[in-house]
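One structure below.
In the numbering used here, the protein residues as written are 11 to 202.
Here is the structure:
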């Protein structure tokens, strides 16, 4: 051997354990940042808040998806949008003139500008787990609580919507009015 001592194997397990501990602490801290941000919304008093990790999409970088009924088409998600997050749920959207379901819009969302009708990003997500009635998910100030009969309510400090029996309503209990409903402005709210 030369003038330098060769590293021994007896110190490597300690270093590996230390590395694992650092990674675990980092993951826990980052989860607290995502789920612990302040917000105006909270789960209904009779709801059990479920860990958002159950609904995280693999490799989704802050995306969470779930079903609010047994149908794979009744899908909601919380997604990063710039420096904020948006919650979007697929649902039947009433037409602006009250004549039935909209042919243009297939979802409702709350983003940085409030509640608006929009289009869903797909018919189904096969990996989406179910958020059962009386369960809630809460991420970065967005809280959604599932109810019986294909129903869910989502709220943030920018607004709220309810889906009752698969039909969307702006706010917690009112139907979307012609022109889009409360907090709905601009061309995204118009039937064209």
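For every residue, glycine included, the Cβ atom is placed at its ideal position computed from N, Cα and C. Quantities reported herein were computed from a predicted structural model and do not represent experimental measurements.
Item: Out of 119, 68, 111 and 76, point me to the one whose CA is closest to residue 60's CA.; Value: 76
Item: Pull up the distance between the alpha-carbon of residue 141 and that of residue 178, whole angstroms please.; Value: 17 Å
Item: I'd like to know whether the C-beta of residue 140 is nearer than 7 Å to at least one C-beta of chain C.; Value: Looking at the structure shown, chain C is missing, and only one protein chain is on hand.
Item: In the structure shown, what three-state DSSP assignment does residue 63 receive?; Value: helix
Item: Do you know offhand how far residue 110's Cα is from residue 104's?; Value: 6 Å
Item: Going by DSSP, what residues sit across from residue 169 in a beta bridge?; Value: 166
Item: Excluding the five sequence neighbours on either side, which residues of its own chain have a C-beta within less than 6 Å of the C-beta of residue 89, listed in chain order?; Value: 73 and 96
Item: When DSSP builds the beta bridges, which residues end up paired with residue 77?; Value: 85 and 140
Item: Hey, how far is the Cα of residue 80 from the Cα of residue 101?; Value: 14 Å
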